[in-house]
Each structure stands twice: as structure tokens, then as C-alpha cells.
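Visitor:
In UniProt numbering, the protein residues as written are 1 to 146.
Here's what the structure looks like:
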């Protein structure tokens, strides 16, 4: 089985982080998605950000890579900042968009995202971490497939 790759943006402005509520998965998530076969993770992060939020971003740096060996999934996390655009749902994949205070993240968020947002605030040099899928995500993923 080939590894899947995802690319996600952590955009923090005025002590708030931008999150998207996905339509396929009723949880809050970082803006981002699948890296296509013909693009770099950084290109995917920029493309997905625009598709989901209407914002054009510039990537500052990739701060971490999170690997789930069981699911053969690799997530590239980038610190990004907005360079233009306005916040709007531009795709049917997005149910809602919102800025959340860093100390009041939503309860219904993809489980590893809270850690990744915290890592974005504290990691100074690139790091690689092994993660595993939360039982709740596995359950939701199985229900959504049916």
C-alpha cells in the first residue's frame, strides 16, 4: 500500500487559529487536504487553503511531519500567513469556517489537530512525529463510508 500524503496550514492571527468544518467529516480541521501526485506538499497546502477558505497564503515553513504507520498516512504541517483574499466558503467540501481563540479550541476537532496547533507554537526546528488514528476518527470514518 502506497503512503497517502496530506498538507495542512496553521494560520494564526491575533491569537486565533483558522479552522474549517468539513462536510464529509463533521469535525473542525486545519485547512488542507490531499497532496496530488503532480504537486509538492507545499503546493497542495496553498491550493487547499484557497479552495477551502478563499485566502491566498504564503508558507513560512514546514514545522513538522506526522506519520501514521498503521494507515500509511503522512501529514505535512505548515506555518502559513494570509497574503490576500477574503474568508468565504468556496467549495461544497466546507461546511463552516471560523477563527478560534488558541485557548478555546472547539470540542469537536480532529483529535491530533490540537497537538499540532500547540506544536506550531512551540517547535523551532523541523520535527517528525509518529501518530496513530484516534478511535473516534476510525468510527466516524467507517460510518461515513457506509
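Cβ coordinates follow ideal geometry from the N, Cα and C atoms, glycine included.
1. Which residue wins for smallest C-alpha separation from residue 100, given the options 20, 7 and 5?
2. What's the C-alpha gap between residue 16 and residue 102?
3. Taking only the alpha-carbon atoms, compute the straight-line gap between residue 1 and residue 72 and give it to the nearest angstrom.
4. Considering just the uninterrupted stretch of the alpha helix (DSSP H) at residue 115, what are its terminal residues?
5. With a CB to CB cut of under 6 Å and the five nearest residues on each side skipped, what residues in its chain are close to residue 127?
6. Would you mind working out which of 10, 39, 92 and 50 sits nearest residue 25, comparing C-alpha positions?
7. Within its chain, find whatever has a CB closer than 7 Å to the CB of residue 151; leave out the 5 residues flanking it on each side and keep chain order.
8. Could you compute how far the alpha carbon of residue 35 sits from the alpha carbon of residue 41?
Guide: Quick look at the numbers:
1. Indexing the chain shown from 1 puts residue 100 at position 100. Measuring from the Cα of residue 100, the nearest candidate turns out to be 20.
2. Residue numbering aside, residue 16 sits at position 16 when the chain shown is read from its first letter. Residue numbering aside, residue 102 sits at position 102 when the chain shown is read from its first letter. Take the alpha-carbon of residue 16 and the one of residue 102: they are about 5 Å apart.
3. In the chain shown, residue 1 corresponds to position 1, counting from 1. In the chain shown, residue 72 corresponds to position 72, counting from 1. Residue placement at residue 1 is poorly supported in this model, since its pLDDT is 48, which falls under 50; the coordinates are not used for a value here.
4. As a first step, residue 115 must be located in the chain shown, where it is residue number 115. 111-122 is the span of the alpha helix (DSSP H), which, as asked, contains residue 115.
5. Within the chain shown, numbered from 1, the residue matching residue 127 stands at position 127. If we look at residue 127 and ignore the five residues flanking it on each side, its Cβ neighbours are 64.
6. Along the chain shown, read from residue 1 onward, the residue named residue 25 stands at position 25. Among 10, 39, 92 and 50, the Cα nearest to that of residue 25 is on 92.
7. A query on residue 151 cannot be resolved here, the shown segment of the chain reaching from 1 to 146 and no further.
8. Taking the first residue of the chain shown as 1, we reach residue 35 at position 35. Taking the first residue of the chain shown as 1, we reach residue 41 at position 41. Distance from the CA atom of residue 35 to the CA atom of residue 41, rounded to whole angstroms, is 6 Å.
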